[in-house]
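Worksheet for the structure shown next.
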């Protein structure tokens, strides 16, 4: 019961002040479980231009199952000099999420570390995060000192594993992987059958990779498996002594500070709004605490990284809004691996590089696609009327448009001679005293004189949200809402720069559908070169039945390919499976 109360307090922290929630949770650290993260990587060695794919599994350390606590994870690729190649924010759905990254040609050859963590994990020891070694070879750069072996020690430096060792099959007591054959011709269809062989663990969440292994891959250790990860975790706990980072329970937390320009002190008990213009806008209002700190909680998917911040009911010229940058973990605790390569690997390196360049040359014909974002429901639930202005006589100004076209709304000045918009109540016998909120391209307007003179021919539609009482956004009360969408979605350009703060958000990675080649019924692409080394990447395998089948097509790239599955059963048991096929 105590744990549930603490979690609820954090969930509703926007209402009671997140700072107060921190103080409450800090005194109850033992009631919230710690988390750990495992990452399934499609490889541990990449050439510049190749795709690094990964799947994140966030685990509840107390019950050893996928965690429902954090909704955001962070994944980074860090070099030996602590330079960050990429930093991703990954949205977690029931403890899992995935992403990808193309290794750019600007990255030096060398040894890197892929790390992953949640905000909640950062409250534990400084080195408590996932670590996986990654080696990068950039054949386009002349300086290869970071990975070049000492010519005098080449013979002793390398102890290349035998083919039998590389081709070691790994089985599981829970799942079984078979293919329709072990040897395939080029550009032929394959079927991968995933069977549940345990009556106790019918459900689970997994990821599957089919990728070529060559002589270069044998220079590095295999990417860490789920079995290895769990055995390394052991029974040791990771205590939290002090809470500096809140768990992101309902989505991503965006925080910042509001400063008064006059005396450079925190602005207390003020309202700050955040606007993100999407097909369906995101609008949040937060109150600053006693230190001028504010938090926004975003639980919707969005693509636009540009956002608008405002101080409400105040002259924005008197304030400075500072958005917090994301703080990472301590890189000094990372022990980087050491991969070395000798000149005798020139031939396989050149061959792999040529295939890679050909694939990148035809990338536009083999694209990954973004998954569509779910419709964002407005916080006031529904619109009671929508007016597409092309369906009506067009007027040049917004003022005339509201007078002649937009029903159930009117414009009126208050006792202070300030112009306001109002909407009529759903109760015909009541009149709403509070002005309506006016939102244009996701931005909550604070003054309307300029907007009334705006060219209405640039407006696509105007929607009205009515109520019998009032709407509450943050702690601000509105007697309804008027939502305006322009054709270009760029109304923010009309606002004086001193009245708004434009920021770029560190947003979560978009969800993707990964490319799958299909040689059946597609004759037009048969002449396109195909040297894929990654035949399949399925990051979101949900085992809810006895058997699943995945189809794939081989490429013109012959050799040995590893089929690798990683993940966890619904009961938290790790599953690691490895088998091999040959393309001739």
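Residue numbers (full-length UniProt numbering): 1 to 584. Where is the CB? At the ideal position from N, CA and C, for every residue including glycine. Every value quoted in this text rests on a predicted model; they were computed, and no experiment measured them.
**Item:** Buried versus exposed, by CB contacts within 10 Å (16 or more), residue 421
**Value:** A buried status is given to residue 421, since no fewer than 16 other beta-carbon atoms sit within 10 Å of its beta-carbon.
**Request:** In angstroms with no decimal places, state the Cα-to-Cα distance between residue 574 and residue 566.
**Result:** Cα to Cα, the separation comes out at about 8 Å.
**Request:** Sort out for me which residues DSSP pairs residue 134 with in a bridge.
**Result:** Beta-bridge pairing links residue 134 to 112.
**Prompt:** Counting pairs of Cβ atoms below 8 Å between the segment 215-230 and the segment 129-142, do you hit three or more?
**Reply:** The answer is yes - the segment 129-142 touches the segment 215-230, with three or more Cβ pairs under 8 Å.
**Prompt:** From 221, 108, 93, 85, pick the residue whose C-alpha is nearest to that of residue 100; which is it?
**Reply:** The shortest C-alpha separation from residue 100 is found at 85.
**Request:** Kindly indicate the opening and closing residues of the alpha helix (DSSP H) around residue 226.
**Result:** First-last of the alpha helix (DSSP H) with residue 226: 226-233.
**Request:** Would you list, in sequence order, the uninterrupted beta strand (DSSP E) runs of no fewer than 3 residues that lie entirely inside the segment 530-567?
**Result:** Here the runs fully enclosed are 534-543, 547-553.
**Message:** DSSP has residue 266 in a bridge; who is on the other side?
**Reply:** For residue 266, which the question treats as bridged, DSSP gives the partners 259.
**Asked** Span of the alpha helix (DSSP H) holding residue 334?
**Response** For residue 334, there is no enclosing alpha helix (DSSP H), since its DSSP letter is neither H nor E.
**Request:** Would you mind stating whether residue 195 and residue 176 have Cβ atoms separated by less than 7 Å?
**Result:** Cβ atoms of residue 195 and residue 176: closer than 7 Å.
**Prompt:** Taking C-alpha atoms, which residue in 457, 497, 69 lies nearest to residue 320?
**Reply:** Sorting 457, 497, 69 by C-alpha distance to the C-alpha of residue 320 places 497 at the top.
**Message:** Taking 7 Å as the threshold (C-beta atoms), are residue 102 and residue 51 in contact?
**Reply:** Cβ distance < 7 Å, so residue 51 and residue 102 count as in contact.
**Request:** Could you tell me the distance, in whole angstroms, from the CA atom of residue 517 to the CA atom of residue 545?
**Result:** Each residue's alpha carbon lies about 26 Å from the other.
**Item:** Cβ-based burial, residue 581 [other Cβ within 10 Å; buried from 16]
**Value:** Residue 581 should be labelled buried.
**Request:** Using a Cβ-Cβ cut-off of 7 Å, state whether residue 443 counts as contacting chain D.
**Result:** Given the protein chain composition of this structure (a single chain), no chain D is represented.
**Item:** Under 7 Å between C-beta atoms of residue 249 and residue 272
**Value:** No, these two residues do not count as a Cβ contact at 7 Å.
**Request:** Provide the residue span of the alpha helix (DSSP H) that contains residue 353, from first to last.
**Result:** Counting along the chain, the alpha helix (DSSP H) containing residue 353 begins and ends at 346-361.
**Request:** Determine which residues share a DSSP beta bridge with residue 409 and list them.
**Result:** Beta-bridge pairing links residue 409 to 423.
**Request:** Answer yes or no: do residue 245 and residue 78 have a C-beta to C-beta separation smaller than 7 Å?
**Result:** The Cβ-Cβ distance between residue 245 and residue 78 does not fall below 7 Å.
**Request:** Pick helix, strand or coil for residue 391, following the three-state DSSP scheme.
**Result:** If DSSP states are grouped into helix, strand and coil, residue 391 belongs with the helices.
**Asked** How is residue 102 classed by DSSP in three states: helix, strand or coil?
**Response** Three-state DSSP puts residue 102 in a strand.
**Asked** Taking contact to mean at least 3 C-beta pairs separated by less than 8 Å, is the segment 108-121 in contact with the segment 336-346?
**Response** Inter-segment contact for the segment 108-121 and the segment 336-346 is present: three or more beta-carbon pairs are separated by less than 8 Å.
**Exposure of residue 76, with buried meaning 16 or more beta-carbon neighbours within 10 Å** = Buried, because 16 or more other Cβ atoms sit within 10 Å of the Cβ of residue 76.
**Message:** Check for me: the alpha helix (DSSP H) holding residue 486 runs from which residue to which?
**Reply:** Per DSSP, residue 486 belongs to no alpha helix (DSSP H); it is in the beta strand (DSSP E), 481-486.
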